[in-house]
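Participant:
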Amino acid sequence: MSEFIPQTDNNRQVFDVFAEIRDLPDESDAMLTDVYFSDFPEASSRIFRIYQTLPLHYHEDCDEHLYVVSGEGLFHLDGKELQAKPGDFLRFARRQVHGFPRIDVHPFVVLAIDVPRRRPDDITFINPDEGNAQKFMARNN
């Protein structure tokens, strides 16, 4: 496992989620752009905007909990495809295959809580030709 490098200084404790969303870029070459609210070894919280489809993947070291704030899209979880819309809460256990094969309404933004924290490079694509950590997340470039 790599050395813990927090992705934020962890000084803030109150966040205006909608203001943070407005500050996310309108476009990205990466699949998603995120902003960490907190980043501790035990857990991290962040928002992220998905700009394009997310191929099937999993995270090796964390359980991922997503609350859909805005947008709509189709998500894949263990062979099933379901619609995600504002107010939905999605839970992906570590190593559980998931993805977002279609984004129907932009901006598609989720509040994410990862336990323990998700390293920015903790992504394994089922088909390695479909992506890597750099293509997945803008912060990895």
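Using UniProt numbering, you'd call the opening residue of the sequence shown number 1 and step up by one each time.
Backbone N, C-alpha and C fix where the C-beta goes; we use that ideal spot for every residue, glycine too.
Assign Pro-25 to buried or exposed, taking buried as 16 or more other Cβ atoms, counted over all protein chains shown, within 10 Å of its Cβ.
Facilitator: As a position in the sequence shown, residue 25 is number 25, starting the count at 1. Exposed, since its Cβ has fewer than 16 Cβ neighbours within 10 Å.
Participant: Could you tell me which residues DSSP puts in a beta bridge with Met-137?
Facilitator: Sequence index remark: in the sequence shown, residue 137 carries index 137 (1-based). Paired residue(s): Leu-32.
Participant: If we call anything under 9 Å between Cβ atoms a contact, is Phe-100 one with Ile-47?
Facilitator: On the sequence shown, residue 100 is found 100 positions in, with the first residue counted as 1. On the sequence shown, residue 47 is found 47 positions in, with the first residue counted as 1. With respect to the 9 Å criterion, Phe-100 and Ile-47 are not classified as neighbours on the basis of their beta carbons.
Participant: How should Pro-128 be labelled, buried or exposed, when 16 other C-beta atoms within 10 angstroms of its C-beta is the threshold for buried?
Facilitator: Position 128 of the sequence shown, counted from the start, is the residue given in the question as residue 128. So Pro-128 counts as exposed.
Participant: Evaluate Ile-126 with the Cβ neighbour count: other Cβ atoms within 10 Å of its Cβ, from every protein chain shown; 16 or more gives buried, anything less gives exposed.
Facilitator: Translated into the one-based positions of the sequence shown, residue 126 becomes position 126. Burial state of Ile-126 is exposed, judged by a 10 Å Cβ sphere holding fewer than 16 other Cβ atoms.
Participant: Mark Val-6 as exposed unless 16 or more other C-beta atoms lie within 10 angstroms of its C-beta, in which case mark it buried.
Facilitator: For the purposes of this step, residue 6 is taken as residue 6 along the sequence shown, with counting starting at 1. Residue identity differs from the one stated: residue 6 is Pro in this sequence, not Val. Its Cβ having fewer than 16 others within 10 Å, Pro-6 is exposed.
Participant: Name the two residues that bound the continuous alpha helix (DSSP H) containing residue 202.
Facilitator: Here the chain covers residues 1 to 141 and nothing more, so residue 202 does not appear.
Participant: Pull up the distance between the alpha-carbon of Val-14 and that of Phe-37, whole angstroms please.
Facilitator: As a first step, residue 14 must be located in the sequence shown, where it is residue number 14. As a first step, residue 37 must be located in the sequence shown, where it is residue number 37. C-alpha separation (whole angstroms): 9 Å.
Participant: What does the alpha-carbon distance come out to for the pair Asn-39 and Asp-104?
Facilitator: As a working mapping, residue 39 is identified with position 39 in the sequence shown. As a working mapping, residue 104 is identified with position 104 in the sequence shown. The identity of residue 39 in the sequence shown is Asp, whereas the question assumes Asn. Cα to Cα, Asp-39 sits roughly 30 Å from Asp-104.
Participant: Out of Pro-120, Pro-55, Ala-133, state which residue places its alpha-carbon closest to the alpha-carbon of Phe-4.
Facilitator: The residue you call residue 4 lines up with position 4 of the sequence shown. Cα-wise, what sits closest to Phe-4 is Pro-120.
Participant: Assign Phe-18 to one of two classes, buried (16 or more other C-beta atoms within 10 Å of its C-beta) or exposed (fewer than that).
Facilitator: On the sequence shown, residue 18 is found 18 positions in, with the first residue counted as 1. Phe-18 should be labelled exposed.
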